[in-house]
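The sequence shown begins at -13 in our numbering and counts up by one.
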Amino acid sequence: MKIVDAKVVVTSPGRNFVTLRITTDEGVTGLGDATLNGRELAVASYLTDHVVPLLIGADPHRVEDTWQYLYRGAYWRRGPVTMAAIAAVDVALWDIKAKVAGLPLYQLLGGASRERVRAYGHANGRDLPELFDSIRARRAEGYQAIRVQIGVPGLSNTYGVHQDPALGQENATRLDQRPRPVVEEWDTAAYLRHLPGVFEAVRNEFGPELPLLHDAHHRLTPIQAARLGKDLEPYDLFWLEDCTPAENQQALRLVRHHTTTPLAIGEVLNTVHDYQTLLTEQLIDYARSAVTHFGGVTPLRKLFDLAAQYQIKSAIHGPEDISPVGMAAAIHLDLAVHNFGIQEYSGHTADTHAVFRHAYTFTDGHLHPGEEPGIGVTLDEELAAAHPYRPAYLPVNRLADGTVHDW
Ligand code: CS2
Ligand code: MG
């Protein structure tokens, strides 16, 4: 079997997605997600200009060899653009292999290790009443684990909190035509003072059993993160996510030594090398990379197998900027790996679900990849073309004096 065509489709059914479609001489097609929020066209060019020509004529069954060829062959390794491009090829080839085998992808990864995979959803509000409503809404949708984000008094907007609570999801991107990203304000001291009381109120309202998560989005120093972890201990968090900037693995040592609040990190990490200290020193409890940003199913499976030796569990990144193609790949992997922890699932707009029809389901707070051969996603290219790319960027953060801070 040979690859005869590889095409990059950029579409914006509510937000931008980059998809690679590989076609073989036998007419089998495979899809891969290459979406990198705010830098979509860089990955599209990497694929179209530098990767697609290398794929034509290649054997689609050589998944591992193709991964190594693209990773080592470019000489310039790692980084989100490169690894998103390689991820799209990897997932598209797994999709083809599984379709040829007539099996859902999870079967090729060793088969199901569980019946279904638990997902967590996002609740947020500018204040407690709004947050409580949002938690109730997520529970009504079936979620059995909930990430809690709230506005900070004195700040006009905060990461993860929608200005329009009716929209439910976080305001991670702006789909207007602004020339520059939106600027948000940040004040770490105000946040640290506010958050423990919020979790106390949530526990009082919703009881001790509901798994609660929180994302600090890389904003704290190690000593601030250590204090927050300690302050949150009475409220028994499922995890505290990205408490310090993820690229500094050593920072987690200090946090870890001061708190028993479980720690999760990894959505901006691209390779196993970014996890080396985190794994070998057992500085985290959950590894959070996305299939889409980590080079695909092939390397993420290896990471999770390595993490398992340190009792660290999987928690694949699944915000709305991962397309249904990337979500499907994640859910197959979740079902197969032994050390599954939890899967983030934000869902997508109706337009997105129409462009990407998928076999995976969300029921009672749990996901299942379905039984269709491959990853179980089809791309409606005509509909995709009706939603052209629109420039969109994540916000940036500034302190009160104007200093840029981690967003
Ligand atoms: C996040 C993301 O899902 C998460 O935990 O931190 O929302 C992140 O902000 C976006 O994926 C950035 O594109
Ligand atoms: Mg996060």
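Even for Gly, the Cβ is constructed at its ideal location relative to N, Cα and C.
All figures in this text were calculated on a predicted structure; none of them were measured in a lab.
Is Asn2 near the ligand CS2, with its Cβ less than 7 Å from a heavy atom?
no
What is the DSSP secondary structure of Pro248, counted as helix, strand or coil?
In the structure shown, the three-state DSSP call for Pro248 is coil.
When you compare each of Pro377, His303, Ile361 to Ala105 by their alpha carbons, which one comes out closest?
With distances taken between Cα atoms, Ala105 lies closest to His303.
Which of the three DSSP states is assigned to Gln135 in this structure?
strand
Evaluate Ile209 with the Cβ neighbour count: other Cβ atoms within 10 Å of its Cβ, from every protein chain shown; 16 or more gives buried, anything less gives exposed.
By the neighbour-count rule (16 or more Cβ atoms within 10 Å), Ile209 is not buried but exposed.
Only counting runs of 4 or more residues, tell me where the alpha helix (DSSP H) segments fall wholly within the segment 43 to 130, in order along the chain.
When DSSP assignments are scanned along the segment 43 to 130, the uninterrupted stretches of alpha helix (DSSP H) that are 4 or more residues long and fall wholly within it turn out to be 49 to 59, 66 to 87, 91 to 94, 114 to 127.
Taking the alpha-carbon positions, what's the Ala87 to Thr364 distance?
18 Å
Are His318 and Leu91 closer than 8 Å when you measure CB to CB?
yes
Option in Val277, Ile(-11), His352 with minimal Cα separation from Leu40:
Ile(-11)
DSSP state of Glu156, grouped into three classes?
With a pLDDT of only 44 at Glu156, under 50, the local geometry of the prediction cannot be trusted, and the value read off the model is given with reservation. DSSP places Glu156 in coil when its eight states are reduced to three.
Local conformation of Arg343 per DSSP, three classes
Looking at Arg343 - three-state DSSP - the assignment turns out to be strand.
Cα-Cα, which of Ser309, Ser332, Leu286, Pro310 is closest to Glu50?
Leu286
Could you check the C-alpha separation between Phe224 and Ile132 for me, to the nearest Å?
9 Å
From the DSSP secondary-structure annotation, give me the bridge partner or partners of Asn384.
The sequence given here has Arg at residue 384, not Asn. In DSSP, Arg384 forms a bridge with Glu171, Val390.
Taking 8 Å as the threshold (C-beta atoms), are Ala345 and Glu358 in contact?
yes
Short of 6 Å in beta carbon distance, which residues of its chain neighbour Gly154, apart from the five on each side in sequence? Order them along the chain.
The predicted position of Gly154 is uncertain, since its pLDDT is 40 and thus under 50; a value taken from the coordinates is nonetheless stated next. If we look at Gly154 and ignore the five residues flanking it on each side, it has no Cβ neighbours.
May I ask which residues mark the beginning and end of the beta strand (DSSP E) holding Lys216?
Where Lys216 is concerned, there is no enclosing beta strand (DSSP E), although the alpha helix (DSSP H) it sits in stretches over 208 to 218.
Are His339 and Thr347 touching if we call contact CB-CB under 8 Å?
no
Please confirm whether Pro182 and Asp222 have their CB atoms less than 8 Å apart.
no
Could you give the first and the last residue of the continuous alpha helix (DSSP H) run that contains Ile317?
310 to 322
Close beta carbons around Ala176, own chain, < 7 Å, minus the five adjacent residues each side
Val138, Pro139, Gly140, Leu141
Apart from the five residues just before and just after Lys216, which ones in its own chain have a Cβ nearer than 7 Å to its Cβ?
His244, Thr245
Going by C-alpha distance, which of Leu218, Thr389, Leu196 is nearest Gln130?
Leu196
Would you mind giving the Cβ-Cβ distance between Thr5 and Asp307, rounded to the nearest angstrom? I have them listed as a contact below 8 Å.
Not a contact, Cβ separation roughly 13 Å.
Identify which residue in Phe192, Pro66, Ser275 has its Cα closest to the Cα of Glu227.
Minimum Cα distance to Glu227 is reached at Ser275.
Beta-carbon within less than 6 Å of Gly24's beta-carbon, same chain only, minus the 5 sequence neighbours each way: which residues are those?
Tyr379, Leu380
Beta-carbon proximity check, Gly327 vs Ser300, cutoff 8 Å
yes
Nonlocal neighbours in the same chain, by C-beta distance under 7 Å from Leu292, ignoring five residues either side:
Val258, Leu265
Given this structure, state the Cα-to-Cα distance separating Leu79 from Gln262, to the nearest angstrom.
27 Å
Label Thr349 either buried or exposed according to how many other C-beta atoms from any shown protein chain fall within 10 Å of its C-beta, with 16 as the threshold for buried.
exposed
According to DSSP, simplified to helix, strand and coil, what is Leu255?
coil
When DSSP builds the beta bridges, which residues end up paired with Trp330?
The sequence given here places Glu at residue 330; Trp does not occur at that position. Paired residue(s): Tyr106.
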